[in-house]
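Peer 1: Everything in the sequence shown is counted per this note's numbering, starting at -10 for the first residue and increasing by one.
Glycine residues also receive a C-beta, built at the ideal position from the N, C-alpha and C atoms.
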Amino acid sequence: MPTNMNNLVPGQEPEKLAGDLQFTEGPVWHPDGYLLFSDIPSNDIKKYTPGGSVETHLTPSRNSNGLTFDREGRLVACEHTGRQVSRQSADGAMEPVATHYDGKRLNSPNDVVVHSNGRIFFTDPPYGIEPEQAEIGFNGVYRIDADGSVTMLESDFGRPNGLAFSPDESILYVDDTERRNVRAFDVGDGFSLSNDRVFIDMDTPEAGSPDGMKVDTEGNLYVTGAGGVWVISPDGAHLGTIAFPELPANVAFGGDDYKTLFVTARTGLYSVQVNTPGIKP
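#1: Quick one: what's Thr253 bridged to in DSSP?
#2: What is the DSSP secondary structure of Asn85, counted as helix, strand or coil?
#3: Quick one: Cα of Asn128 to Cα of Gly179, how far?
#4: Can you tell me which of Ser181, Ala79, Thr253 and Leu(-3) puts its alpha carbon nearest to the alpha carbon of Thr140?
#5: In its own chain, which residues sit with a C-beta less than 6 angstroms from the C-beta of Pro3, not counting the 5 before and 5 after it?
#6: Could you pull the DSSP bridge partners for Gln14 from this structure?
#7: So, with DSSP's three-state summary, where would you put Pro(-1)?
#8: Let me check understanding here. Comparing Cα to Cα, which of Asp134, Asp80 and Pro98 lies closest to Thr273?
#9: If you follow the beta strand (DSSP E) that Ile231 is in, where does it begin and where does it stop?
#10: Which residues share a DSSP beta bridge with Lys248?
#11: State the CB to CB distance for the pair Thr57 and Val17, rounded to an integer number of angstroms; the pair is presumed to be in contact (CB under 8 angstroms).
#12: Take the Cβ of Pro120 as the centre, count every other Cβ of all protein chains shown within 10 Å, and call the residue buried at 16 or more, exposed below.
#13: DSSP three-state label for Met141, please.
#14: Along the beta strand (DSSP E) that carries Tyr162, what are the first and last residues, could you check?
#15: When the distance is taken between beta carbons, is Ile231 closer than 7 angstroms to Gly214?
#16: Closest to Asp145 by CA distance: which of Ala153, Thr166 and Lys36 is it?
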């Protein structure tokens, strides 16, 4: 089992796959062999095929951010200006899955992960709205159940952002961009969260705060933050940082073996090879 940075990341320089974008976010790999990601100011979802170029996959995206796929392979998106979590229907349209909590509009859903049983978990900071537009009064983490009901799981966040499960789904990691840390929660039988603790403090003098994250099959976290992508062991040790020419915002594992780490970083899309495969979305 790889236990240090040299074993996890072979040391190659990141490869730039695309540029001249505006602000890239939310990458997710499709098993058919391509990557989708959001270009938030462009108001569309891009598609990158290895060996090919970047093309527009869906527009308008209502300034989508985080993307993933549900258990049926349908695209799920967090929409900033749509203020909702949406899911792609059979005809290709993005239809709302969650728009309100307790009768009030969501802030601006940011990132999303799907549990193996189909439940959708997402974060809801206010980045895509003006202060006077906020209705809820806090920035929370939520769960969407099969019947469409929305449950607030945690409200004590500055700016909740990226989130990911441990390999056995017993832990949900959520980072807080404002407080510059990653929190960990135990996931209960009823999919409630408990045992809230700071998993790692990512506060440094450098520019950059925790944003997107993913987990590999050995439980290591790859979290964007100051200096690049932080690689963090399952016990919370900072093993090292993968540097990129631009400050990364989010990551996704992909490729045939899920050993390619795709990184959205400001105006670019990059990749770097790793030795341990990531968890498939």
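Peer 2: Reading off the structure:
#1: Asn239 and Leu258
#2: Here residue 85 is Pro; the residue named in the question, Asn, does not match the sequence. DSSP places Pro85 in strand when its eight states are reduced to three.
#3: 22 angstroms
#4: Ser181
#5: Phe233, Tyr259 and Val261
#6: In the sequence on display, residue 14 carries Glu and not Gln. For Glu14, which the question treats as bridged, DSSP gives the partners Ser27.
#7: Coil at Pro(-1), not helix or strand.
#8: What the structure shows of the chain is the stretch from -10 to 270, and residue 273 is not part of that stretch, so it cannot be assessed.
#9: His227 to Ile231
#10: Per DSSP, none; premise fails for Lys248.
#11: 5 angstroms
#12: That one is exposed.
#13: DSSP, reduced to helix, strand and coil, places Met141 within a strand of the structure shown.
#14: For Tyr162, the uninterrupted beta strand (DSSP E) run begins and ends at Ile160 to Asp165, by DSSP.
#15: Taking C-beta atoms as the reference points, Gly214 and Ile231 fail to come closer than 7 angstroms.
#16: Thr166
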